[in-house]
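Numbers -22 to -1, 1 to 394, taken from mature numbering (1 follows the signal peptide of the UniProt record, and there is no 0), label the letters of the sequence shown in order.
Here a beta-carbon is modelled for each residue, glycine too, at the ideal position from N, C-alpha and C.
Before any comments, here is the structure.
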Amino acid sequence: RDAKMIRLLIVIAWFYVSCARGDGVHDHGRRTVSNPLWNETSLDKLRNDLLLNYDKFAKAVEGNVTEVGIGLTIVYVETDELNSTFTSSMWLKLSWKDPKLVWSSQDYNGIDSLKMADHEIWQPDIYLFNGANTGGEPIIRYGNPYALVQPDGSVVWVPPIKLTALCDFDMYYWPFDTQRCYLRFGSGSRSRADIRLVSKGVDFKTAIPIVQWTIACTDTIVEVTRAGYPDQFYHVLYNLTLTRKPSTTTTVATTVICCSACLVLAQRFLTFKTGRGLILRCLTSVVLCIFLVYFGTRVAPKRSAAPWIVSFLSACLFLHCITVIESVMVTCMSKLSNPKRVAWKVKGWLGGRFGRILLLDDCIVECERCVDSTDDQHGGKCAASHDWELCHIAIDRLLFLIYFLILALLILAYII
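Next comes the structure, spelled out in structure tokens:
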């Protein structure tokens, strides 16, 4: 039994020694594994030290106000007047300080800047509060731009973005108009006790030159109280002034205005002997209707007063319709089988000073010559027809003066 006991003790001792050696090997292996399998650089060490236990959902400065700078670099602007919106492609520059991202360059082989992915660090929740979709939409960026971090904790993040904002377009002076739109930025959930916004201005140096607008901007900082929130929030308001550049549209609009005015005025000197003048006036009415429908649907926005060009074309069409109605009435009166003569009082006005003002002397002489050359059987009818023709010419020339005055006042109202 003693021998068996001795052998058992020897086996136990050997097993203990073997386990001890295994633990030593295991410990040695673990120590070996704890060392990195690659050559750790100063940049790797810096990133590991900064992001260790870093919470990107916690505000950068707890208990104090974080100052966030916001600036814009506008690249392209496109407007949609019919839907009262404008779209802008730009670079949004955000800057702030994060004390949790501070390091000493001497401890990390002189590293004086660090690029970090945007999903790795805390960012201010900046919203556009006059967005076209929701009226308060978060900033949607393109790609995954890196944030540049400095040793003192300064962070600069410049994401490319595309925004669609609401704008109340005033199209009255189109196509020589100047529009005033704005972009309102602010934090979505942080009040002024947490975030203070500071404007860094707007840069237009990189704007694409083919843009149809000349852009200017002024910025202001405002404090607002939102519905349902007792606290006040900082908002940055960028007021954009858009001045339309001369383009093909400007040439087309100017041509249409001049041609419409000339068509309305020139036809006051047309006679209706063969009815061709009446047909031409009807065709002119159709052309004016086409112009009016095109510019009314192309230019006039849904929530704005009518543009001046639409009002001008409407006036031209209305005045021209009066002329067409007058031509039809006079033509019907002159084509009767037994037309009535024009009243002697009216003929006296036409043959007197009033007729000379309207330059009717030549027309009167021509009518008298035509009547004298007609036999007595048809003389009365011919005289009545020529009286109505003379009356028609007088009305046309009187309307010419009235129309010219109305159109001149409309143009003067546009210029002033």
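*Could you give the residue range of the beta strand (DSSP E) that holds I139?*
By one-based count along the sequence shown, residue 139 stands at place 161. Looking at the DSSP string, the run of the beta strand (DSSP E) that includes I139 is P138 to L144.
*C-alpha distance - I394 paired with E201, whole-angstrom precision*: The residue given as residue 394 occupies position 416 in the sequence shown. The residue given as residue 201 occupies position 223 in the sequence shown. For the pair I394 and E201, the Cα-to-Cα distance works out to about 37 Å.
*Over what stretch of residues does the beta strand (DSSP E) that includes T156 continue unbroken?*
Translated into positions along the sequence shown, residue 156 becomes position 178. Residues T156 to S165.
*Applying the criterion that 16 or more other CB atoms from any shown protein chain within 10 Å of the CB defines a buried residue, is L(-14) buried or exposed?*
Within the sequence shown, the letter at position 9 stands for residue -14. With fewer than 16 other Cβ atoms within 10 Å, it is exposed.
_For S73 and F182, the rounded distance between their alpha carbons_ = Within the sequence shown, residue 182 is the residue found at index 204, counting from 1. Within the sequence shown, residue 73 is the residue found at index 95, counting from 1. F182 and S73 have their C-alpha atoms some 19 Å from each other.
_Outcome for G49 when other beta-carbon atoms lying within 10 angstroms are tallied against a minimum of 16_ = Residue 49 sits at position 71 when you count from the first residue of the sequence shown. By the neighbour-count rule (16 or more Cβ atoms within 10 Å), G49 is buried.
*Give the secondary structure of R119 by DSSP, where H, G and I count as helix, E and B as strand, and everything else as coil.*
Here residue 119 refers to the residue found at position 141 of the sequence shown. R119: strand per DSSP, three-state reduction.
*Kindly list the residues whose CB is nearer than 6 Å to the CB of V46, restricted to its own chain and excluding five residues on each side of it in sequence; keep chain order.*
In the sequence shown, the residue the question calls residue 46 occupies position 68. The answer, listed in chain order, is W74, P102, I173 and L175.
*Would I186 be called buried (16 or more neighbouring beta carbons within 10 Å of its own) or exposed?*
Counting from 1 along the sequence shown, the entry for residue 186 is found at position 208. Counting the other CB atoms within 10 Å of its CB gives I186 a total below 16, which places it among the exposed residues.
*Taking the C-alpha atoms as reference points, what is the distance between C195 and L70?*
Numbered from 1 along the sequence shown, position 217 holds the residue referred to as residue 195. Numbered from 1 along the sequence shown, position 92 holds the residue referred to as residue 70. Taking the Cα positions, C195 is about 15 Å away from L70.
*Helix, strand or coil for D5, going by three-state DSSP, please let me know.*
As a position in the sequence shown, residue 5 is number 27, starting the count at 1. Low confidence applies to D5: its pLDDT is 42, below 50, so where it sits in the model is not reliable, and the reading given next is rough at best. In the structure shown, D5 sits in a helix (DSSP, three-state: H, G or I).
_Quick check on I173: does DSSP put it in helix, strand or coil?_
Indexing the sequence shown from 1 puts residue 173 at position 195. Residue state, collapsed to three classes: strand.
*Measure from the alpha carbon of N87 to the alpha carbon of each residue in L21, F163 and R259, then state which is nearest.*
Translated into the one-based positions of the sequence shown, residue 87 becomes position 109. Residue nearest to N87 within the set L21, F163 and R259 is L21 (criterion: CA-CA distance).
_Can you look up Q84 in the DSSP assignment and give me helix, strand or coil?_
Here residue 84 refers to the residue found at position 106 of the sequence shown. In the structure shown, the three-state DSSP call for Q84 is helix.
_Tell me whether the segment 368 to 380 and the segment 298 to 306 touch, counting them as touching only if at least three CB pairs, one residue from each stretch, are closer than 8 Å._
Touching, per the Cβ criterion.
*asked:* Looking only at its chain, what residues have a beta carbon closer than 6 Å to the beta carbon of P137, apart from the 5 residues adjacent to it on each side?
replied: Translated into positions along the sequence shown, residue 137 becomes position 159. Once the five neighbours on either side are set aside, the close Cβ partners of P137 are L70, R119 and P123.
*Considering residue 427, what are the terminal residues of the beta strand (DSSP E) in which it resides?*
The shown model of the chain, from -22 to 394, leaves out residue 427, and the question about it has no answer.
*asked:* So, for A110: in the same chain, excluding its five sequence neighbours on each side, which residues have a beta-carbon less than 7 Å away from its beta-carbon?
replied: Along the sequence shown, one-based indexing puts residue 110 at 132. Only residues of its own chain outside the window of five on either side were considered, and among them T63, T142, A143 and L144 have a CB closer than 7 Å to the CB of A110, listed in chain order.
*H97 (DSSP reduced to helix, strand or coil)*: Translated into the one-based positions of the sequence shown, residue 97 becomes position 119. Correct three-state label for H97: coil.
*If you measure from the beta carbon of T19 to each beta carbon in chain C, is any gap under 8 Å?*
The structure shown contains no chain C; it holds only a single protein chain.
_Reduced DSSP category for A372 - H, G, I as helix; E, B as strand; rest coil_ = Against the sequence shown, residue 372 aligns to sequence position 394. A372: helix per DSSP, three-state reduction.
*asked:* Cutting at 6 Å between CB atoms, please list the residues of its own chain near G274, excluding the five before and the five after it.
replied: Translated into positions along the sequence shown, residue 274 becomes position 296. Its chain contains V288 as the residues whose beta carbon lies nearer than 6 Å to that of G274, once the 5 sequence neighbours on both sides are disregarded; these appear in chain order.
*Identify the continuous alpha helix (DSSP H) that holds D22 and give its terminal residues.*
Along the sequence shown, read from residue 1 onward, the residue named residue 22 stands at position 44. Per DSSP, D22 belongs to the alpha helix (DSSP H) from S20 to L29.
*Compare the Cα-Cα distances from R222 to each of L28, E59 and I52 and report the closest residue.*
For the purposes of this step, residue 222 is taken as the residue at position 244 of the sequence shown. Ranked by Cα distance from R222, the options L28, E59 and I52 are led by E59.
*When DSSP labels each residue in this structure, what does E304 get in the three-state scheme?*
Here residue 304 refers to the residue found at position 326 of the sequence shown. Helix.
*asked:* Given this structure, state the Cα-to-Cα distance separating V306 from L297, to the nearest angstrom.
replied: Taking the sequence shown and counting its residues from 1, the one referred to as residue 306 is at position 328. Taking the sequence shown and counting its residues from 1, the one referred to as residue 297 is at position 319. Straight-line spacing of the CA atoms in V306 and L297 works out to 15 Å.
*Using three-state DSSP, classify R168 as helix, strand or coil.*
Here residue 168 refers to the residue found at position 190 when the sequence shown is read from its first residue. For R168, the secondary structure class from DSSP, reduced to helix, strand or coil, is coil.
_Nearest candidate by alpha-carbon position, reference I193, set L218, S177 and V234_ = For the purposes of this step, residue 193 is taken as the residue at position 215 of the sequence shown. Taking each of L218, S177 and V234 in turn and checking the Cα distance to I193, the smallest one comes out for L218.
*Any idea what DSSP makes of K37, helix, strand or coil?*
The residue labelled residue 37 in the question sits at position 59 within the sequence shown. Residue state, collapsed to three classes: coil.
*In this structure, does DSSP put T65 in helix, strand or coil?*
Translated into positions along the sequence shown, residue 65 becomes position 87. DSSP places T65 in the strand class (E or B) of the three-state scheme.
*Where do the ends of the alpha helix (DSSP H) carrying V242 lie?*
The residue given as residue 242 occupies position 264 in the sequence shown. It spans T226 to A244 - the alpha helix (DSSP H) in which V242 sits, taken as one unbroken run.
_Just list the residues that DSSP pairs L55 with in beta bridges._
Counting from 1 along the sequence shown, the entry for residue 55 is found at position 77. Residue identity check: residue 55 is Val in the sequence provided, not Leu. DSSP lists S66 as partners of V55.
*Compute the distance between the beta-carbons of Q210 and R162, then report whether it is under 8 Å.*
In the sequence shown, the residue the question calls residue 210 occupies position 232. In the sequence shown, the residue the question calls residue 162 occupies position 184. With contacts defined as CB atoms closer than 8 Å, Q210 and R162 fail to qualify as a contacting pair.
_So, with DSSP's three-state summary, where would you put F211?_
Position 233 of the sequence shown, counting from 1, holds the residue named residue 211. In this structure, F211 counts as strand in the three-state DSSP scheme.
*Does the beta-carbon of L390 have 16 or more other beta-carbons within 10 angstroms, so that it is buried, or is it exposed?*
Taking the first residue of the sequence shown as 1, we reach residue 390 at position 412. Residue environment analysis places L390 among the exposed positions, since fewer than 16 neighbouring C-beta atoms fall within 10 angstroms of its C-beta.
*Delimiting residues of the beta strand (DSSP E) encompassing L106*: For this step, residue 106 is matched to residue 128 along the sequence shown. Taken as a continuous stretch (DSSP letters only), the beta strand (DSSP E) holding L106 covers I104 to L106.
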